[in-house]
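Report on the following structure.
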Amino acid sequence: MKKRILLVFMTSLILTSTSFSQTLKPLPLKDLSNFKSQAGNWAIVGDVMMDPSKDVNKSGNEGIKATDGSGVLLNRNDDKIKSHLLTAWEHGDIEIEFDFMMPKGSNSGFYLQGRYEIQLLDSWGVKNPKYSDLGGIYRNWENTPGDIYMGKAPMVNAAKAPGLWQKMYISFNAPRFDKSGKKIQNARFNLVRVNGAIIHENIEVPLPTGGPVDKKETAKGPIMIQGDHGAVAFKNIKYRILDNDPITVGPVSYKYWEGPYTYETDYKDKAPKKSGVSKDGLTWEVSDVEDFFALHMKTEIDVPYDDQYYFEPTYNGYLAVYIDDAIVFKNTGAWFWDKISQPAFNLTKGKHKMDVFYSRSDAWRSPALALFMGSNRLAPQPLHAPSSYFVKSFTAPLHVNVQGEPIILRAFLDFKKDYKLRRTHTVGVGDPSGMNYVFDNALGTLSCIWRGKFVDATPMWNDRGDGSFRPLGDAIYLDNTPQLDILASESAPFSTSFGDEEFRSKGYVINEFTKTPTFKYTIKGMDVEDQSYADAVSNSMIRSLKVTNVKPGTHFRIAHGDRIEKINETNYLIDGNYYIQTLSMHKVREINGKKELVATVPDNGVVSYFLSW
């Protein structure tokens with residue numbers, strides 16, 4: 000049988016890793032019992048708010064307000080009290096994720112094993128990030144040749160504005176040592192994400208970075224959070240410490256049938272065309288053909304611990320897996336995208352019988368069979384032969400990038416990534432500044448905003464195409480119902496949709512100065528010009544509406560959410576996700592349990608505000 004060239008796609012591996020991250024356990028933040036003693040600058044609080052206008056380098060901790068309670072870890076250091084915080088436990092390989100918040104101008108660091116720093120910094124608006132910016136792997140300050148490490152800048156600057164909650168995920172492999180204690184493998188950051196953006200992949204760190212607990216590398220060490228530079232807060236810390244012991248697969252015997260077959264009940268009781276032992280382990284390649292075949296593979300797996308185990312398949316066709324005659328999973332149809340329930344599967348240490356049924360009844364896609372297995376203590380490990388993980392047709396992603404001027408692209412948008420909330424009259428606008436948005440031209444609303452790269456347009460063109468694009472960033476979804484409306488009273492709700500006679504789009508024109516679209520539409524007899532564009536001075540997006548023929552009771556909903564927190568007379572924090580600054584006449588009200596920031600449209604029809612995130 001002719002072997003195929005192995006193609007492993009990083010996106011598939013990342014998805015596998017993400018699906019296993021459901022097993023991360025929370026780090027309780029009811030008290031400081033998970034940490035070593037410290038000078039007193041670290042505390043557990045219930046909530047925290049940081050004024051984005053207060054720079055800690057000038058105002059100290061003046062702009063930081065905390066409430067009593069639990070769930071948030073807060074550092075408020077000063078010149079006298081400024082100790083680092085170390086966990087009372089140590090780790091080797093680890094997956095960890097957390098939310099963090101920093102005030103303006105603040106600087107901290109998150110150290111794996113107390114030795115390898117991922118920089119935490121207020122890097123909002125930095126165009127060309129360095130190793131010293133948010134997410135950078137910090138350098139050390141050695142001068143001796145061979146001991147110098149210059150750090151690694153993040154691939155993109157994914158920083159949000161100061162005072163907003165941000166998210167970081169880290170997958171880390173500790174250095175390896177032989178029995179004599181000699182290092183045989185460097186520490187490695189497998190994957191680091193900030194606010195949904197991948198900033199590092201597969202980065203070796205040959206030496207401790209600056210400011211470690213110890214310059215000597217070890218197999219295990221504590222998490223350390225820098226506490227002597229500036230304020231920082233954390234919540235929703237989740238992690239799992241990973242062991243290195245392998246899951247082993249024994250000899251694989253198989254039976255082979257010529258198809259087409261779909262379910263294992265269609266063929267398993269029939270006489271096979273051939274049987275044998277696979278030299279390569281679990282693989283579809285024992286088949287004589289690529290299409291229209293069925294396989295029953297039997298083997299034993301040896302697991303190193305009593306634990307809950309998880310399985311992640313990649314396949315084209317029909318797949319069912321049993322362990323000790325119990326169903327691990329199987330798809331009810333024969334399509335590889337069918338949803339498979341994958342609950343935790345309890346296994347005791349030792350050997351267990353495994354049965355794998357794989358069949359194909361169509362020639363639409365090439366065969367592929369991969370099976371990863373992991374647990375709360377083990378990273379996902381392949382149980383299959385490498386060459387079995389092969390996808391004949393791979394579609395390179397079609398990313399639309401912004402160069403010198405803004406880009407305008409019409410496509411469908413799955414609001415909040417939900418196909419059931421698909422909007423079909425949306426226009427994406429990508430800006431060279433990295434501030435991008437989608438406008439809903441059937442409602443006159445700003446659908447979502449994000450920073451970074453523009454959109455993935457692959458779904459528009461791949462295969463039959465579905466007409467949609469995906470924001471290439473951590474999108475903040477804003478509105479999928481009208482924002483401008485005529486209200487019968489100050490307490491009346493906004494409409495949830497418009498009829499054809501109430502709303503009519505008039506397309507858009509290009510603003511000659513910003514090169515972005517000004518959308519034109521009519522709402523209930525009022526003509527509107529609506530534009531949004533990046534403002535380099537404030538590092539924010541400005542939205543401005545001009546309403547002609549303003550009618551009594553006309554209101555505009557600037558923002559809505561579960562929480563709207565007033566920072567000062569013109570600035571508000573919305574659900575901890577973004578800021579609004581408005582000079583229009585406005586008020587905060589509550590409708591059906593939700594908060595709304597609402598402006599009364601003046602006689603001149605002008606409403607404008609800044610969005611910062």
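Take the sequence shown: its position 571, counted from the start at 1, is 570 in numbering that gives the first Met the number 0, and no numbers get skipped. Every residue, glycine too, gets a C-beta built ideally from N, C-alpha and C. Remember, predicted model here, so these are calculated numbers, not experimental data.
- Restricting attention to 364, 80, 119, 260, the CA atom closest to the CA of residue 193 is found in 119.
- The beta carbon of residue 548 sits closer than 7 Å to the beta carbons of 524, 525, 526 from its chain, once the five residues preceding and following it are set aside; these are given in chain order.
- C-alpha of residue 202 to C-alpha of residue 379: approximately 19 Å in a straight line.
- Close CB contacts of residue 207 within its chain, under the 6 Å cut and outside five residues either way in sequence, are with 114, 214 (chain order).
- Just so you know, the alpha carbons of residue 427 and residue 446 end up roughly 10 Å apart.
- DSSP places residue 437 in the uninterrupted beta strand (DSSP E) bounded by 434-439.
- About 7 Å separates the CB atoms of residue 96 and residue 167; that is less than 8 Å, so the two are in contact.
- In the structure shown, the three-state DSSP call for residue 397 is coil.
- The three-state reading of DSSP puts residue 88 in strand, counting E and B together.
- Distance from the CA of residue 353 to the CA of residue 381, rounded to the nearest whole angstrom, comes to 14 Å.
- Contact between residue 129 and residue 135 is confirmed by a C-beta separation of about 6 Å, below the 8 Å threshold.
- Spatial neighbours of residue 301 in its own chain (CB-CB distance under 6 Å, excluding positions within 5 residues in sequence) are listed in chain order as 247, 350.
- Restricted to the segment 414-501, the alpha helix (DSSP H) segments that are unbroken, complete and at least 4 residues in length are 457-460, listed in chain order.
- When DSSP reads this structure, residue 559 sits in a beta bridge with 595.
- Checking the DSSP bridge columns, you'll see residue 108 partnered with 118.
- Of all alpha-carbon atoms in 98, 93, 52, 328, the one lying nearest the alpha-carbon of residue 46 is that of 98.
- Residue 418 counts as exposed, since fewer than 16 other C-beta atoms from the protein chains shown sit within 10 angstroms of its C-beta.
- Counting along the chain, residue 374 sits inside the beta strand (DSSP E) bounded by residues 367-374.
- The C-beta of residue 582 has fewer than 16 other C-beta atoms within 10 Å across all chains shown, which makes the residue exposed.
- With fewer than 16 other beta carbons inside 10 angstroms of its own, residue 276 counts as exposed.
- In terms of Cβ geometry, residue 43 and residue 72 form a close pair [threshold 8 Å].
- For the options 280, 516, 284, 258, the alpha carbon positioned closest to that of residue 272 is the one of 258.
- For residue 466, same chain residues with a beta-carbon under 8 Å away, outside a window of 5 residues either side, are 410, 411, 423, 458, 459 in chain order.
- Its chain contains 544, 555, 583, 598, 600 as the residues whose beta carbon lies nearer than 7 Å to that of residue 606, once the 5 sequence neighbours on both sides are disregarded; these appear in chain order.
- Contiguous beta strand (DSSP E) elements confined to the segment 248-334 occur at 251-257, 273-277, 292-302, 306-315, 317-322, 325-329, taking only those with 3 or more residues.
- Apart from the 5 residues on each side of it in sequence, residue 299 sits with its Cβ closer than 7 Å to the Cβ of 249, 350, 351, 352, 353 in its chain, given in chain order.
- With a beta-carbon spacing of about 4 Å, residue 256 and residue 293 fall inside the 8 Å limit used to define contacts.
- Comparing C-alpha distances from residue 81 to each of 93, 67, 66, 107 shows the shortest one belongs to 107.
- Note that the C-beta distance between residue 223 and residue 161 is not below 8 Å.
- Beta bridge pairing from DSSP links residue 190 with 170, 200.
- Going by beta carbons, residue 455 and residue 359 fall outside the 8 Å limit.
- In its chain, beyond the 5 residues on either side, 91, 92, 93, 94, 376, 377, 378 have a beta carbon closer than 8 Å to the beta carbon of residue 241.
- Straight-line spacing of the CA atoms in residue 312 and residue 470 works out to 27 Å.
- Per DSSP, residue 606 is one residue of the beta strand (DSSP E) stretching across 605-611.
- For residue 536, the three-state secondary structure derived from DSSP is coil.
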